[in-house]
Structure formats: structure tokens, C-alpha cells
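Have a look at the structure below before the remarks.
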Amino acid sequence: MSVPAVKQVSVRVIDEAWFNRLLEVVPGLVTWLTLLSPVLLSLVEPVWVAYFIIAYDLYWMVKSFRLSINLIRGYKALHAAQRVNWNERLEWVRKPDKFLEQTTSQIEHMIRTKPQIAKWWYRNPTEKRRYERLVHEQSLLRQLVEHKNTAMVPDEIYHAVILAFYNESIDILEPSVRSLTQTDYPAKRLLLVIAYEERGGEQTEATAKELIRRYGDQFGMAMAIKHPNGTLGEVIGKGGNITYAGRRLAAAVEKRGIRPEQVVVTTFDADHRAHKNYFSYLTYLYTTDPNRIHKSYQPIPMFYNNIWDVPAPMRVIATGNSFWLLMETMRPHRLRNFAAHAQPLRALIDTDFWSVTTIVEDGHQFWRTYFVYDGDHEVVPVFTPVYQDAVLASTYLKTFKVQFLQLRRWAWGVSDFPYVVRNSLANRRIPWSNKLVQIGRLFEGHFSWATAPLILTFVAWMPLYLNHQFSYQALAHNLPIITSRILTLASVTIAITIFVSLISLPPKPARYRGIRFVVMILQWALLPVTSMCFSAFAAINAQTRLMFGRYLEFYVTEKATKK
59 MSVPAVKQVS VRVIDEAWFN RLLEVVPGLV TWLTLLSPVL LSLVEPVWVA
109 YFIIAYDLYW MVKSFRLSIN LIRGYKALHA AQRVNWNERL EWVRKPDKFL
159 EQTTSQIEHM IRTKPQIAKW WYRNPTEKRR YERLVHEQSL LRQLVEHKNT
209 AMVPDEIYHA VILAFYNESI DILEPSVRSL TQTDYPAKRL LLVIAYEERG
259 GEQTEATAKE LIRRYGDQFG MAMAIKHPNG TLGEVIGKGG NITYAGRRLA
309 AAVEKRGIRP EQVVVTTFDA DHRAHKNYFS YLTYLYTTDP NRIHKSYQPI
359 PMFYNNIWDV PAPMRVIATG NSFWLLMETM RPHRLRNFAA HAQPLRALID
409 TDFWSVTTIV EDGHQFWRTY FVYDGDHEVV PVFTPVYQDA VLASTYLKTF
459 KVQFLQLRRW AWGVSDFPYV VRNSLANRRI PWSNKLVQIG RLFEGHFSWA
509 TAPLILTFVA WMPLYLNHQF SYQALAHNLP IITSRILTLA SVTIAITIFV
559 SLISLPPKPA RYRGIRFVVM ILQWALLPVT SMCFSAFAAI NAQTRLMFGR
609 YLEFYVTEKA TKK
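Here it is as C-alpha cells:
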């Protein structure tokens with residue numbers, strides 16, 4: 059089998075070892091200077107610290123309100139998308155003129171029979187909503203008619219799912235494979251690739267082959283691909299596994315006469331379960347986008363598979379992680395690939411698939427594609443959930459350890475900073491205005507991740523207790539009061555988070571009593587603890603390791619189930 063040729067990238071990367079090491083030091087150094095500066099300044103210039111923390115708390119209060127608004131907007135968009143019949147929308151793509159004519163006729167009929175319906179004060183809410191829906195659909199259909207020459211035929215699209223695993227049990231994997239057979243997309247246009255590791259042993263291979271035996275005939279193509287041990291130049295991690303599988307997939311579809319542009323590849327972990335409308339929704343986005351090859355597609359990760367079973371701190375972390383990306387979808391210019399994500403096979407070939415030299419291949423893939431396409435790349439939100447497991451190990455103590463290690467691996471995305479800076483200097487085809495914004499967003503995200511919880515919690519008290527002379531000033535005693543009131547006002551947004559978390563929960567298992575809902579509310583008192591002990595400390599640990607050249611190795615998050 060021949061693998062399609064890889065696009066030659068002309069970007070020359072600055073790879074001097076000293077420069078790379080300098081860039082690796084920068085994030086951790088800035089973080090530690092930021093955390094230590096309030097301590098030192100409290101001794102010499104406590105007033106500076108006082109005014110800084112007031113301004114910083116006000117900034118986070120405004121930011122928290124904005125994030126809460128984005129959470130509400132994201133939740134509404136998520137549920138609105140789930141109510142859409144995306145297969146019907148695919149019919150629009152096939153015959154946009156016909157459906158535009160029908161929709162326009164319906165709107166005109168409503169206006170003729172009820173001319174007041176277009177007014178904001180119209181008192182029949184049901185008809186008003188129907189009218190607004192038709193107007194929205196008419197706008198979408200007009201866009202389809204205008205771009206019908208660039209749209210792809212939905213029947214030509216295949217979806218490949220690369221399901222990667224190491225040594226997870228069949229109890230974890232089988233629901234993920236089964237969920238693919240329960241979507242509303244034709245299963246014969248789904249291509250299943252189970253990518254497993256040779257280092258997982260005989261049981262891992264047996265699990266992969268058993269799943270293909272049970273479910274393989276329900277897909278258009280299904281194969282289990284074993285990633286061999288010790289491939290030269292690869293670090294141990296998911297990237298090497300899915301890249302090896304991706305190359306085999308490319309060869310297989312070429313042999314079947316399928317063009318890479320017809321295949322959209324989604325990467326799943328062992329516990330990922332697709333929502334029923336994921337592939338039809340993704341097909342609509344892909345076929346209607348004229349610049350589809352230069353896009354990545356990001357569904358919403360919802361760590362809800364076992365949310366009722368995990369300890370309270372893990373529930374807070376899992377819900378917070380789900381909501382963070384949901385909020386980020388309201389600012390799509392900030393979106394990056396995370397966990398389950400999709401990309402055209404053509405783009406994967408152009409970028410030589412995923413990186414095999416980093417343990418954070420998902421976020422890193424955004425940057426690789428960004429530079430290969432000279433900045434012409436963005437992530438498109440797909441407002442449909444991919445359900446995932448919250449962290450749950452065999453014991454509570456082990457669960458806490460595994461959770462910290464998982465967050466530290468995610469925080470290792472800070473290792474992209476040297477790569478992005480070096481490629482930004484080397485690639486002169488991307489405007490510097492664009493590159494500086496991208497570098498700033500990457501740096502600020504990891505910097506805030508590591509520092510914000512600690513600054514908000516401790517800095518307000520430092521001038522009062524570390525500087526004896528300052529303690530006689532009124533500002534010293536008022537500072538904790540002022541910051542406390544600011545943060546109390548900001549904590550109103552937690553009520554919004556609690557409310558959205560409760561209405562978005564999956565059904566309660568029968569083994570739990572109704573009192574569990576009360577616990578689901580009280581658990582949010584742990585938010586300051588989880589923000590510091592897991593999130594901030596994990597980010598600081600990752601940045602400090604990078605600063606001292608102690609590179610992180612891949613750690614497979616243990617997954618357990620309750621029956």
C-alpha cells in the first residue's frame with residue numbers, strides 16, 4: 059500500500075539548542091517571579107501590592123461575569139444544536155434552492171395571515187418563535203445557495219474514527235465502540251480504526267480484535283492496528299500510536315479509491331462516546347465550509363460518563379473542565395484542539411499526521427497545522443457533546459494522584475511555547491500582528507492557569523502580615539475587606555455554574571438516593587481547594603519541570619468503572 063505524499067513544508071525552524079532552552083525557561087521563570095514578587099514587595103512597597111491586588115480582583119470579577127455569560131450562551135447553543143435535525147440540514151446542502159423556496163413561501167404566508175408577527179411585541183410566543191426560526195433558516199439557506207458551487211455532496215463524505223487505547227479494559231472500550239453504531243449517521247460511511255499499543259501486551263491485542271469481531275461488520279471499514287514498540291524518534295504517548303494508525307488509514311482509503319478530501323478523521327480515547335448527532339452535524343459543517351481543509355473541528359468534552367461515581371473534588375474538576383471549553387466556544391478565536399477533535403485527512407497528510415515527539419499531541423496539532431498553512435487555520439466549535447470519563451481509580455487516594463497527573467499532563471501544553479516562538483520567527487509569511495496575538499494567548503493561558511488561584515487567595519493578606527509598619531495604616535486593614543467584598547460579588551457567578559451543572563447532569567443511577575443532588579451542590583465549596591491543589595499546582599509543576607529541563611513522560615490516566 060502506498061501512503062499519499064506528505065506536503066513539503068518550507069518553514070525553516072530555528073533549532074539552536076541554547077535558544078530553545080531559553081524559551082523553555084521563560085514561562086516558569088515569569089510564573090515564579092510573579093508568585094514571589096508580592097512577598098518581596100510587601101516588605102518594601104506594600105502600598106504597590108495593595109493597589110495591585112485590588113485592581114487584579116476587579117479584573118477577575120469582570121472576567122468571571124463575562125465567563126458566566128459565555129457559559130449560559132454556550133449551554134444554550136449546545137442544546138439548540140441538539141434539537142436540530144442535522145440529517146435534514148444535509149438535505150438542504152443537496153437541494154438548497156428547493157428548501158429556500160419552501161421556507162420563503164412559509165414566511166410570506168405567515169406575514170400575509172398575521173402581519174404583526176414580525177413585530178417585537180407580538181403576543182403569541184409559539185408563532186413568534188416559529189417565525190424567527192424560519193427567518194434564521196432562510197438566512198442559512200441563502201448562504202448555501204450563494205456557496206453551492208463550493209459545497210461538497212454529503213453522500214461523498216466518510217468519517218474515520220481512530221480509537222486509541224493502551225491497556226484499558228473492554229468494559230471501558232465497548233461502550234465507546236457501541237456509541238458509534240448508535241449515531242444517526244449511516245454506519246457504512248463510518249470507518250473504525252482501533253489503534254492499540256504493542257506494549258499493552260497480549261490482553262490489549264485480544265481486546266482490540268474482539269471488538270472488531272463484535273462490531274466490525276456494522277461499519278464501512280473496521281481494522282485494529284498495532285503500534286510497534288520502540289519506533290525510532292518517538293516518545294511514548296498517544297501521538298505515535300494515532301500517527302501510525304493514521305498512515306495505515308490513509309493507505310487503506312487510497313486503495314478503495316476514496317480521496318483524502320472526502321474523509322474527516324476524529325480521534326477518540328478509550329472512554330469517549332459520541333453523541334448521536336455528532337457525525338451528521340460535523341458533515342454539515344464540513345461540506346458547507348469553502349475553506350474546510352484548513353479547519354479543525356472541536357466537539358464539547360463532557361466528563362459525565364461516571365460523574366455520579368467519582369469523589370466530590372473530581373466532580374468539581376470534571377464539571378469545571380467541561381464548562382471551560384464550553385465557554386471558550388463563545389470565543390472561537392481562542393479555541394485549540396483538545397482530546398476528541400476532528401480534521402480532514404487531507405490536512406493530516408499535509409502535516410504528516412500528529413506529532414510523535416510530544417505527549418500533548420492534541421493541542422500541538424493546532425500549532426503544526428497553523429504553521430503549515432501559514433496561519434490560515436482555525437478551530438470550529440461543534441456544539442455537540444463527546445462524553446468522557448471523569449478521573450476514577452481503584453482507591454480514593456489513587457484517584458487524587460491520577461487526577462493531579464492528568465492535569466499536569468494537560469498543563470504540559472506550555473511546552474508548545476518554544477515551538478510557537480521559533481516557528482513564528484522562521485515563518486515570514488504570517489503577519490507579525492497575527493503571530494504576536496497567538497503567542498500572547500498561549501502564554502497568558504498557561505500563566506493565569508498557574509498563578510491566578512494563588513494570587514486571588516493569598517496576596518491580599520501579605521502586606522498586613524509581612525510588613526509591621528504597613529500594618530498601622532488603614533489601607534492594610536481595609537485591603538482584606540475590600541478584596542473579600544469584590545470576590546464575594548464575583549462568587550455570584552458560582553451560583554450560575556451550580557445551576558448549569560445541575561440541569562446538565564445525566565440521569566442519576568438508581569443506586570444513589572435523592573440526597574445526592576444536595577451533595578452535588580455542596581461540593582462546590584471545594585472549588586478554591588481544587589483550583590489550587592490540583593489545577594494551579596499541576597501547572598506550576600509542569601512549568602518548573604520545563605524550566606529545569608526535566609521533561610515530562612506520558613502517563614496513561616487510569617480508568618475504573620463502578621457496576
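For the record, in the sequence shown the residue sitting at position 341 is 399 according to my numbering, with numbers rising by one throughout. Backbone N, C-alpha and C define an ideal beta-carbon position, used for all residues, glycine too. These numbers come from a predicted model, not from an experiment.
Rounded to the nearest angstrom, the gap between the Cα atoms of residue 231 and residue 328 is 5 Å.
In the DSSP assignment, the residues bridged to residue 436 are 353.
Judged by their CB atoms, residue 470 and residue 610 are nearer to each other than the 8 Å cut-off.
When the alpha-carbon of residue 592 is set against those of 386, 162, 200 and 372, the nearest one is in 372.
For the pair residue 150 and residue 286, the Cα-to-Cα distance works out to about 45 Å.
Three or more Cβ pairs drawn from the region 101-121 and the region 510-527 lie within less than 8 Å of each other, which places the two stretches in contact. Of 358, 598 and 265, the smallest CA-CA separation from residue 507 is found for 598. A Cβ-Cβ contact shorter than 8 Å links residue 221 with residue 252. DSSP places residue 376 inside the alpha helix (DSSP H), whose first and last residues are 370-386.
Non-local beta-carbon contacts of residue 544 in its own chain, meaning distances under 8 Å to residues more than five positions away in sequence, involve 112, 115, 116 and 119 in chain order.
Ranked by Cα distance from residue 303, the options 458, 326 and 319 are led by 326. For residue 290, the secondary structure class from DSSP, reduced to helix, strand or coil, is coil. Rounded to the nearest angstrom, the Cβ distance from residue 85 to residue 478 is 11 Å, too far for a contact under 8 Å. Distance from residue 355 to residue 438 at the Cβ level is roughly 5 Å; contact confirmed, criterion being Cβ atoms closer than 8 Å. Assigned with DSSP and collapsed to three states, residue 326 falls in strand.
Judged by pairs of C-beta atoms under 8 Å, the region 559-574 touches the region 360-370, as three or more such pairs exist.
Boundaries of the alpha helix (DSSP H) around residue 190: 183-204.
Residue 103 sits in coil when the DSSP states are folded into three classes, being neither helix nor strand. For residue 220, the enclosing beta strand (DSSP E) has its first and last residue at 216-223. For residue 398, no beta strand (DSSP E) run applies, since DSSP gives it neither H nor E. According to DSSP, residue 284 shares a beta bridge with 254. Minimum Cα-Cα distance from residue 353 among the listed residues 395, 374, 454 and 589 corresponds to 395.
Straight through space, the alpha carbons of residue 238 and residue 330 are spaced by roughly 10 Å. Burial state of residue 153 is exposed, judged by a 10 Å Cβ sphere holding fewer than 16 other Cβ atoms. Three or more beta-carbon pairs drawn from the region 208-220 and the region 310-327 are found closer than 8 Å, and the two stretches are therefore classed as touching. Non-local beta-carbon contacts of residue 185 in its own chain, meaning distances under 8 Å to residues more than five positions away in sequence, involve 168, 172 and 175 in chain order. Assigned with DSSP and collapsed to three states, residue 406 falls in helix.
In the three-state reduction of the DSSP assignment, residue 442 falls in the strand class. Judged by their CB atoms, residue 444 and residue 461 are not nearer to each other than the 8 Å cut-off. When rounded, the separation of the alpha-carbon atoms in residue 393 and residue 170 is 44 Å.
In the DSSP assignment, residue 312 falls within the alpha helix (DSSP H) that extends over 296-313. For residue 474, the enclosing alpha helix (DSSP H) begins and ends at 474-484. Between residue 529 and residue 586, the alpha-carbon positions lie close to 27 Å from each other. Assigned with DSSP and collapsed to three states, residue 604 falls in helix. In the displayed model, residue 358 falls within a strand according to three-state DSSP. Going by DSSP, residue 180 is part of no alpha helix (DSSP H) at all; its letter is neither H nor E.
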